[in-house]
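The structure appears below as structure tokens.
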Ligand code: ATP
Ligand code: MG
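Numbering (the working numbering), first residue to last: 1311 to 1656.
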């Protein structure tokens, strides 16, 4: 069986470091290992419209921002097909047929959708499109016969729902669709990176992000005002690591070589953590170190992004070609689906 990767992002804002450690970094690594037959990365504009119906301009503008973030992180159009969801009408058709295989109560039980409905104050007025987006996501994944989907932990329920749809489809109409596997980050801190405010998830919609395109001064400002242990007041106080965002970020971003470079008094992260727990290590010293780590990680990304930004028509060209290629693949699957359902009449 072919090894096919599919994943994507909603163009609701620029991408942030949570996206990077949660999914983007993994995609680039997979791409560079060259062991996939096909790789697809989708800018999910149609999905973004399900909760931004009144602001298509925001979605439109962020398509290019997300594409720039992809290229800046090292995705290459020759190896990885980057495309725009709305340009593939086959995805709507697939969703329409999958809708018959899912119950309303099953959708209501999806914990990510539940949390998102609450976050958006949709309780009394959930748009139908938003409510059913897990089905459209199943269409996105299965249209490309994806075997691997590298995403953050919040996407687990979506993958579960996709697998159920695949099983149901195959059992009713015959073996047609492929069950995908989720690929979660292996680093605990990256599963769901918290926001700079310490809130559960860094999210474009919560305004607690460090963006991949952020300028150095802004990164420093955000790191210096980051949430730590509220009971760690004086330097000599013992500190807590649980829920301490600065340490979570170090877990996610710190490489061993940064100690020799920026903090030679310590051997490694464990030693730094031990000192903090014992007391005698101030928050500011740890924040200064984290700032240097993040600056080192983000500088090459930001610089590459600025280069691509000089030629926006080229970026659109990449997306156009990618969308054409993606549509061919989706059309093949839709054909198989209609054959299986015996609704290919002519
Ligand atoms: P929105 O608020 O519009 O939903 P978002 O910030 O949640 O935006 P998405 O486009 O929904 O971003 O998510 C894109 C990908 O990034 C998904 O794979 C998701 O799991 C991952 N991701 C998003 N935020 C984080 C995070 N804080 N930590 C780890 N992974 C994340
Ligand atoms: Mg999201």
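We treat Cβ as the ideally placed atom computed from N, Cα and C, and that holds for glycine.
| request: Could you tell me whether the segment 1324 to 1341 touches the segment 1368 to 1387, where touching means 3 or more Cβ pairs closer than 8 angstroms? | output: Yes, since at least three Cβ pairs between the segment 1324 to 1341 and the segment 1368 to 1387 fall closer than 8 angstroms, the two stretches touch.
| By the 10 Å Cβ neighbour count, where 16 or more other Cβ atoms means buried, how is residue 1624 classified, buried or exposed? | Counting the other CB atoms within 10 Å of its CB gives residue 1624 a total below 16, which places it among the exposed residues.
| request: Put residue 1545 into one of helix, strand or coil per three-state DSSP. | output: The three-state secondary structure of residue 1545, taken from DSSP, is coil.
| field | Residues near residue 1494 by beta carbon distance below 7 angstroms, same chain, minus five either side | value | Within the same chain, residue 1494 has close Cβ partners 1463 and 1501.
| query | If you pair each beta-carbon of the segment 1505 to 1522 with each one of the segment 1466 to 1481, do three or more pairs fall below 8 angstroms? | reply | Not touching, per the Cβ criterion.
| query | Rounded to a whole number of angstroms, what is the C-alpha to C-alpha distance between residue 1432 and residue 1536? | reply | Looking at the two C-alpha atoms, the distance is approximately 30 angstroms.
| Just the Cα atoms here: how many angstroms apart are residue 1456 and residue 1617? | Distance between residue 1456 and residue 1617, taken at the CA atoms: about 32 angstroms.
| message | So the candidates are 1497, 1452, 1513 and 1560; which of them puts its Cα closest to the Cα of residue 1486? | response | For the residues 1497, 1452, 1513 and 1560, the minimum Cα distance to residue 1486 belongs to 1452.
| field | residue 1502 Cβ short of 7 angstroms to the ligand MG heavy atom set | value | Set against 7 angstroms, the gap from the CB of residue 1502 to the closest heavy atom of the ligand MG is not smaller.
| Identity of the residue in 1367, 1340 and 1627 nearest residue 1460 by Cα | The option with the nearest alpha carbon to residue 1460 is 1340.
| DSSP-derived helix/strand/coil call for residue 1491 | Annotated three-state conformation of residue 1491 is strand, per DSSP.
| query | Is the beta carbon of residue 1294 within less than 7 angstroms of some heavy atom of the ligand ATP? | reply | This structure cannot settle anything about residue 1294, because the visible part of the chain is limited to 1311 through 1656.
| query | Going by the CB atoms, is the gap between residue 1559 and residue 1606 shorter than 8 angstroms? | reply | Taking 8 angstroms as the Cβ cut-off, residue 1606 and residue 1559 do not qualify as a contacting pair.
| field | residue 1320 Cβ short of 7 angstroms to the ligand MG heavy atom set | value | Correct: residue 1320 has its Cβ closer than 7 angstroms to the ligand MG.
| query | Taking the beta strand (DSSP E) that residue 1572 falls in, what are its first and last residues? | reply | Segment 1567 to 1572 is the alpha helix (DSSP H) holding residue 1572; no beta strand (DSSP E) there.
| field | residue 1385 in three-state terms, based on DSSP | value | Coil, per DSSP.
| Who are residue 1460's beta bridge partners in DSSP? | Its beta-bridge partners are 1493.
| Skipping 5 residues on each side, what residues in its chain have a beta carbon closer than 7 angstroms to that of residue 1553? | Its chain contains 1508 as the residues whose beta carbon lies nearer than 7 angstroms to that of residue 1553, once the 5 sequence neighbours on both sides are disregarded; these appear in chain order.
| task | In the DSSP assignment, find the unbroken alpha helix (DSSP H) run with residue 1318 in it and report its ends. | result | Secondary structure note for residue 1318: it is in no alpha helix (DSSP H), and the uninterrupted beta strand (DSSP E) holding it is 1314 to 1319.
| request: My understanding is that residue 1629 touches residue 1394, with C-beta atoms under 8 angstroms, so please give their C-beta distance in whole angstroms. | output: Contact flag correct, Cβ pair sits at about 6 angstroms.
| query | By how many angstroms is the C-alpha of residue 1655 removed from the C-alpha of residue 1350? | reply | Residue 1350 and residue 1655: Cα-Cα distance of roughly 31 angstroms.
| task | Have a look at residue 1401 and residue 1316 and give me their C-alpha separation to the nearest angstrom. | result | Going from the Cα of residue 1401 to the Cα of residue 1316 covers about 14 angstroms.
| Taking the beta strand (DSSP E) that residue 1599 falls in, what are its first and last residues? | No beta strand (DSSP E) contains residue 1599, which is instead part of the alpha helix (DSSP H) from 1593 to 1619.
| query | What residue does the alpha helix (DSSP H) around residue 1394 start on, and which one ends it? | reply | For residue 1394, no alpha helix (DSSP H) run applies; the uninterrupted beta strand (DSSP E) run containing it begins and ends at 1391 to 1394, by DSSP.
| said: On the CB-based measure, 16 or more other CB atoms within 10 Å of its CB, does residue 1434 come out buried or exposed? | reply: Classification of residue 1434: exposed, given that the 10 Å Cβ count is below 16.
| query | Cα-Cα, which of 1369, 1638 and 1406 is closest to residue 1515? | reply | The candidate whose alpha carbon is nearest that of residue 1515 is 1369.
| Three-way DSSP call (helix, strand, coil) for residue 1349 in this model | Strand, per DSSP.
| Whole-number beta carbon distance between residue 1449 and residue 1404, since they are thought to touch under 8 angstroms | Distance from residue 1404 to residue 1449 at the Cβ level is roughly 4 angstroms; contact confirmed, criterion being Cβ atoms closer than 8 angstroms.
| Does DSSP put residue 1407 in a helix, in a strand, or in coil? | Of the three classes helix, strand and coil, the one that applies to residue 1407 here is helix, per DSSP.
| request: Less than 8 angstroms between the CB atoms is what I'm expecting for residue 1591 and residue 1563, so what's the real figure, rounded? | output: The pair is not a contact, with the Cβ atoms about 19 angstroms apart (cut-off 8 angstroms).
| Taking contact to mean at least 3 C-beta pairs separated by less than 8 angstroms, is the segment 1526 to 1542 in contact with the segment 1571 to 1578? | With a cut-off of 8 angstroms, the segment 1571 to 1578 and the segment 1526 to 1542 do not count as touching, because too few Cβ pairs lie within range.
| message | Between the alpha carbons of residue 1338 and residue 1546, how many angstroms are there, rounded? | response | Taking the straight line joining both Cα atoms gives about 42 angstroms.
| message | Please return the same chain residues whose Cβ sits closer than 8 angstroms to the Cβ of residue 1645, not counting the five positions on each side in sequence. | response | These residues qualify, in order along the chain: 1654.
| task | Report yes if the C-beta distance between residue 1422 and residue 1352 is below 8 angstroms; otherwise report no. | result | Not in contact: residue 1422 and residue 1352 (Cβ atoms no closer than 8 angstroms).
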